[in-house]
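*Asks:*
Protein chains in written order, with our numbering: chain A, 1 to 569; chain B, 570 to 819.
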């Protein structure tokens, strides 16, 4: 037992040190992150509370629907936790550098297993835990249960988190055992695909928007069939739901809690048996070297050279290095799949929007049905911008930090920091522009917007992408993190937060500046309102401001980033 | 003290270590020498319990590392070629952590930590975060951590990597002192002068196989050479160096 706590000590001390940095040493960062986290938490609470109160207001079926909603939430958590635990376990059990200290020491394999289980659970599940609290709290606020409900929530959440954690860890051990570690990235790709498939499947199954719209169905049976939440007695999400709902509805005790508790305790133990049998062999496999297969193919090299040919030789060298590095580092490119799922979900939601079912004579905010479709398309710009910023924080913002400890090579070479940053900018800009334009084009197609709105959206997202990539490259250079062990963590630091705040601000201002003009244009298009010269002048002025703002976001951060890199000693 | 029997490690079709058998006797300094990529680090990682051998056995102090890993590891102190340190811990906290890993007695361990910090000139830095240490200081801290539990055998992979002359001198003196105290040292190196100065016996590994073994004099006799570098180059096919140099002379 002593050894178990000892193994957790370095992680605990390191975390405490990171949190307790004094303001003079950048401690403000932790406070800022905490404040933003709290804001997010409060927003989640009020948002969910609003949704739940509407669900519960559905006559006669409020309780049934509230239960379905809770089952949906828990099922989503469960899927997320399994995937998140698999990814985290790869790192904590197999790739982490400190394992090189632990394995040669006389610590029992089971002790390492349990200590890493705790680290994995904390790393992968804290977010769900934090997110679950406002959800369960809003159930409490709406149902007014006895005080025992609140400690009971914790008692339910702990085993609920342990079940997917143990399953994820066991799956990781088996996967690393099946696939040679040199093909670790293949495993990651496979997992990511499973994750995307799981998410799509889940959304298809759940369709949460139907919960508050029973009138859309012809019969009660049809309604309940449509809100199909997997309700199997074998699902931990159902155990968790049925452990809490009786307490909320004051209807006796929850017998399924025992199943949840038993699974939460039994599965980690089962995992320990697996670890005793398999862990050393798989850990040893994970130490083997990796091979670069795809990126050593002649066709890949030729394609790369063709792509970079128009550029200056030093530009070319930088781009080739970065592209090769990107494809050879699973921790970099595997994130594409996670973001891919985000994009698929994004577009899928547009396809689900019930705009076609709206009555033709609808009249909202002075807009007809067609006008409403176009207005939604315009608001979609903000969402597309946000997705682009989300992708940029993962791929553009870390581009300077990725130089890592070999930054000295560039610093001591005759390449200027200006050239370095611009090469990073252009290399990120092209794929991001394709993504952003693709998102806007496809979602507009789903919305069936008219040509003017389509062109306006495509042009706006073009300038927005310039600004977002400029912000990402520049702020990434101002806050470089050359010593981060895990690439995926670069984006989670203070610089990443600054970038996201600036990006959201930029997107919000652009949307705000264009909202009025877009409304006028839509009215002119759909209801033939005349565009008088004064309105045209105002529209032109607003669009010029958008252009100027995009140019500032594109140019200024990069300039500051260049200066900051030149000052690094 | 350390016995390797038919030790083999294959990575797919590539055999990194091939039927390696050797014995490091009690109280001796044994150097495993070989060019880059010869299989030294793979061998040492198997000895340390970081890699699972494809076949063969490793005995440390009589304990099989696979069958009785806890006892085998307790007997040994391991110094990797690229050691990892928890950057956010202080030197003292790191050593405390190692004390816990090896289950040492508290008071005795604290005295030992103080002694080692002093011996390695780290006393003043004990309370500082490791991330603020210089490369040499980190190296000294790692050595201190490997000696903390008073192992019977020290397994060292490339001990001189990145050390300044003072650091290298310190290591040499330390190894001699440890040998005088009865400790066994099993080290790998490709620095011939280190092997010449320190090792009682030397094994030469090439392409995963032990191709020669003996004292310095025995090896010289075997290769019919007077100086050790010629012996090494002759045994490991290093005559190619001359060819390479000639190619570069344009």
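Note that CB positions come from ideal geometry on N, CA and C, so glycine has one too.
Residues of chain B with CB under 7 Å from residue 103 of chain A, in chain order?
*Replies:* In chain order: 618 and 619.
*Asks:* Note down, in chain order, all residues in the stretch 617-643 of chain B with a beta-carbon under 7 Å from any beta-carbon belonging to chain A.
*Replies:* Within the stretch 617-643 of chain B, the residues whose Cβ lies closer than 7 Å to some Cβ of chain A are 617, 618, 619, 620, 621, 639, 642 and 643, listed in chain order.
*Asks:* For residue 143 of chain A, collect the residues of the same chain with a Cβ closer than 6 Å to its Cβ; drop the 5 residues on either side in sequence, then sort them by chain order.
*Replies:* Closer than 6 Å at the Cβ level, and outside the excluded window around residue 143 of chain A, lie 248.
*Asks:* Of all the CB atoms in chain A, is at least one closer than 9 Å to the CB of residue 671 of chain B?
*Replies:* It does; some Cβ of chain A falls within 9 Å.
*Asks:* Please identify, using Cβ separations under 8 Å, the residues of the stretch 599-610 of chain B that lie next to chain A, in order along the chain.
*Replies:* Those residues of the stretch 599-610 of chain B that come within reach of chain A (Cβ to Cβ, closer than 8 Å) do not exist; the list is empty.
*Asks:* May I ask you to report which of helix, strand or coil DSSP gives residue 578 of chain B?
*Replies:* The answer is strand: DSSP assigns residue 578 of chain B an E or B state.
*Asks:* Straight-line CA distance for residue 773 of chain B to residue 668 of chain B?
*Replies:* So the two alpha carbons sit approximately 35 Å from each other.
*Asks:* Indicate whether at least one CB of chain A lies closer than 9 Å to the CB of residue 656 of chain B.
*Replies:* Chain A, which has a Cβ nearer than 9 Å to the Cβ of residue 656 of chain B, makes this yes.
*Asks:* By the three-class DSSP mapping on this structure, what secondary structure does residue 632 of chain B have?
*Replies:* Residue 632 of chain B falls in the strand class under three-state DSSP.
*Asks:* Measuring CA to CA, which of B:753, B:728 and B:699 is closest to residue 602 of chain B?
*Replies:* Comparing Cα positions, the closest option is B:728.
*Asks:* Could you check where the alpha helix (DSSP H) with residue 150 of chain A kicks off and where it finishes?
*Replies:* Residues 149-178.
*Asks:* Let me see if you follow: with CB-CB separation under 9 Å, is residue 776 of chain B close to chain A or not?
*Replies:* Judged by the 9 Å Cβ criterion, residue 776 of chain B is not in contact with chain A.
*Asks:* Who are the Cβ neighbours of residue 382 of chain A in its own chain at under 6 Å, not counting the five residues just before and after it?
*Replies:* Counting only Cβ-Cβ distances below 6 Å, and skipping sequence neighbours, we find 507 and 511.
*Asks:* From B:641, B:689 and B:762, pick the residue whose C-alpha is nearest to that of residue 800 of chain B; which is it?
*Replies:* Checking every option, the nearest Cα to that of residue 800 of chain B belongs to B:762.
*Asks:* Could you tell me whether the Cβ atoms of residue 631 of chain B and residue 573 of chain B are closer together than 9 Å?
*Replies:* Result no, Cβ atoms of residue 631 of chain B and residue 573 of chain B do not sit closer than 9 Å.
*Asks:* With burial defined as no fewer than 16 other Cβ atoms inside 10 Å of the residue's Cβ, what is the status of residue 605 of chain B: buried or exposed?
*Replies:* That one is exposed.
*Asks:* Which residues mark the beginning and the end of the alpha helix (DSSP H) in which residue 465 of chain A is found?
*Replies:* Residues 451-478.
*Asks:* For residue 645 of chain B, which residues does DSSP report across the bridge?
*Replies:* BP columns for residue 645 of chain B point to B:722.
*Asks:* Measuring only between beta-carbons, confirm whether residue 174 of chain A sits less than 9 Å from chain B.
*Replies:* No, its Cβ sits nowhere closer than 9 Å to a Cβ of chain B.
*Asks:* Who does residue 783 of chain B pair with in a DSSP beta bridge?
*Replies:* Bridge partners of residue 783 of chain B: B:771.
*Asks:* Figure out for me which residue from A:165, A:51 and A:68 has the closest Cα to the Cα of residue 82 of chain A.
*Replies:* Checked all of A:165, A:51 and A:68; the closest Cα to residue 82 of chain A is A:165.
*Asks:* Determine the direct distance from the alpha carbon of residue 172 of chain A to that of residue 281 of chain A, and round the result to whole angstroms.
*Replies:* Approximately 13 Å between the Cα atoms of the pair.
*Asks:* Taking Cβ positions only, does residue 645 of chain B come closer than 9 Å to chain A?
*Replies:* Chain A contact via Cβ: present.
*Asks:* List the residues of chain B that residue 9 of chain A touches, going by C-beta distances under 7 Å, in chain order.
*Replies:* Result: 666.
*Asks:* Let me check understanding here. Comparing Cα to Cα, which of B:790, B:648 and B:694 lies closest to residue 660 of chain B?
*Replies:* It is B:694 whose Cα lies nearest to the Cα of residue 660 of chain B.
*Asks:* Taking the beta strand (DSSP E) that residue 754 of chain B belongs to, which residues open and close that run?
*Replies:* Note, residue 754 of chain B: beta strand (DSSP E), 753-758.
*Asks:* Could you name the residues of chain B that residue 14 of chain A contacts, counting a contact when the two beta carbons are closer than 9 Å?
*Replies:* Near residue 14 of chain A (Cβ distances below 9 Å), the residues of chain B are 655, 656, 657 and 658.
*Asks:* Which whole-angstrom value is the C-beta distance of residue 106 of chain A and residue 621 of chain B, which I expect to be below 8 Å?
*Replies:* So it is not a contact: roughly 17 Å between Cβ atoms.
*Asks:* Quick one: what's got a C-beta closer than 6 Å to residue 607 of chain B's C-beta in the same chain, skipping five residues either side?
*Replies:* Excluding positions up to five away in sequence, the list reads 774 and 775.
*Asks:* Would the stretch 696-713 of chain B and the stretch 651-659 of chain B be scored as touching if the rule is three or more Cβ pairs under 8 Å?
*Replies:* Touching, yes, given that three or more Cβ pairs across the two stretches are closer than 8 Å.
*Asks:* Going by DSSP, which residues form a beta bridge with residue 602 of chain B?
*Replies:* B:758 and B:773.
*Asks:* Pick out whichever of A:450, A:568, A:159 and A:120 has its Cα sitting closest to the Cα of residue 84 of chain A.
*Replies:* When each option's Cα is compared against that of residue 84 of chain A, the closest is A:120.
*Asks:* With distance defined between alpha-carbon atoms, name the residue in B:683, B:616, B:784 and B:804 nearest to residue 714 of chain B.
*Replies:* Among B:683, B:616, B:784 and B:804, the Cα nearest to that of residue 714 of chain B belongs to B:683.
*Asks:* If we count Cβ pairs, one from each stretch, closer than 8 Å, do we get three or more for the stretch 471-478 of chain A versus the stretch 422-439 of chain A?
*Replies:* Because the criterion of three Cβ pairs below 8 Å is met, the stretch 471-478 of chain A and the stretch 422-439 of chain A touch.
*Asks:* Should residue 395 of chain A go down as buried or exposed, given a rule of 16 or more other Cβ atoms within 10 Å for buried?
*Replies:* Buried, by the Cβ-count rule.
*Asks:* How about residue 698 of chain B: is its C-beta nearer than 9 Å to some C-beta of chain A?
*Replies:* At least one chain A Cβ lies under 9 Å of residue 698 of chain B.
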